[in-house]
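Only one structure is covered here, and it is reproduced in the block below.
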Ligand code: HMG
Ligand code: MG
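Residue numbers (UniProt numbering): 1 to 285.
Dropping the structure here:
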């Protein structure tokens, strides 16, 4: 019996590769993204227009967006922390962008050198400019369960930031368990608070698998109405400013799990396995 559609938002080329110690040649990125483009994803996060001093691994993002073979029906997304990033993403032809905030002050400072309030001020003109050219903007909230600097994060703090990003015009809010500290119970408590301010159909779960609980956390999220999950092929991933964040939940595991439960993902599992093999070969750990 079909349980209806469920989407995986592929973040491997960005959230995955931003954390690799090795300097990955753009040709390898083209090959990975071009393979992912054949797998049936509707959205692939391929680039990040951040300071190369902060994240050198993403420095070739314009070249990546210029060199991939774009597949019809796939939106290629890019992170943009400020107006400079927005301009670069626009020039490179990103199909959508993402701004990224944190529910905790410690991570906000470590990751983007701004308080939460300052980051929202910084994102406001990005949203305005994006609206002028009809560019969809996704909003991330990091540290929705725990922060590597501040400890436990209250569900109300997550709801407050999610509400702000949604109110500013983000079409979807992706909730990041940045260091994989969530359990089905803590994820459910957080989602119940966030659902009060953003409809479940506009939320995505972005779960790192550091403790091996991401699939259980996806199950808890499914039962609360979420139908979009971020994942990285081959389990690539992490965040250079979140010690212990290694490992986004692997796309191939999520895709198989959702299919076994009866959800339709529209994904070709064989092509995903092919991409997962490439991604694993790119990993340095
Ligand atoms: P700053 O040092 O406060 O900013 O960094 P600044 O304005 O003083 O600029 C510093 C330098 O960066 C200047 O260059 C700027 O021109 C340049 P300099 O004059 O020193 O030569 N610069 C830029 N260069 C390229 N692109 C830009 C840009 N902006 C400034 N857009 C800033 C502030 C936000 C720029 C910095 O902190 C930054 O880039 N942070 C990004 C960190 C990052 O990418 N983290 C990983 C992504 S988030 C994540 O992984 C979590 C997520 O997956 C969800 C989850 O799991 O929770 C999304
Ligand atoms: Mg992440």
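Yeah, the Cβ is synthetic: ideal placement off N, Cα and C, and Gly gets one too.
Distances from the CB of residue 234 to the heavy atoms of the ligand MG are all 8 Å or more.
Pairing residue 112 with residue 1, the inter-Cα distance amounts to about 45 Å.
Taken in chain order, the complete alpha helix (DSSP H) segments of 4 or more residues contained in the region 146-208 are 155-168 and 184-195. Within a 10 Å sphere around the beta-carbon of residue 79 sit 16 or more other beta-carbons, which makes this residue buried. The alpha carbon of residue 122 has as its nearest neighbour, out of 150, 145, 76 and 164, the alpha carbon of 164. DSSP places residue 43 outside any alpha helix (DSSP H); the residue lies instead in the beta strand (DSSP E), whose first and last residues are 43-48. Within the same chain, 12, 16, 32, 233, 234 and 236 come within 7 Å of residue 279 by CB-CB distance, once the 5 residues on both sides are set aside. Unbroken beta strand (DSSP E) runs of no fewer than 3 residues, entirely contained in the region 52-85, are found at 75-79, following chain order. If you draw a straight line from the Cα of residue 63 to the Cα of residue 107, it comes to about 29 Å. Runs of the beta strand (DSSP E) spanning 3 or more residues and lying entirely within the region 94-131 occur at 96-102, in chain order.
Look at residue 39 here: in three-state DSSP terms it is coil, with no helix or strand label. Apart from the 5 residues on each side of it in sequence, residue 84 sits with its Cβ closer than 8 Å to the Cβ of 49 in its chain, given in chain order.
Look at residue 253: its beta carbon is at least 8 Å from all of the heavy atoms in the ligand MG. Distance check between residue 146 and each of 177, 172 and 267 places 177 closest, using alpha-carbon atoms only. Here residue 248 is bridged, per DSSP, to 208. In the structure shown, residue 25 falls within a coil segment according to DSSP collapsed to helix, strand and coil. Contact between the region 89-105 and the region 134-146 is present: three or more C-beta pairs spanning the two stretches fall below 8 Å.
Contact check for residue 68 and residue 46: beta-carbon distance about 7 Å, within the 8 Å limit, so the pair qualifies.
Under the criterion of beta carbons closer than 8 Å, residue 267 and residue 40 qualify as touching, at roughly 4 Å. Here residue 241 is buried: its Cβ has 16 or more other Cβ atoms, across all protein chains shown, within 10 Å.
Closer than 8 Å to some heavy atom of the ligand MG: that describes the Cβ of residue 11.
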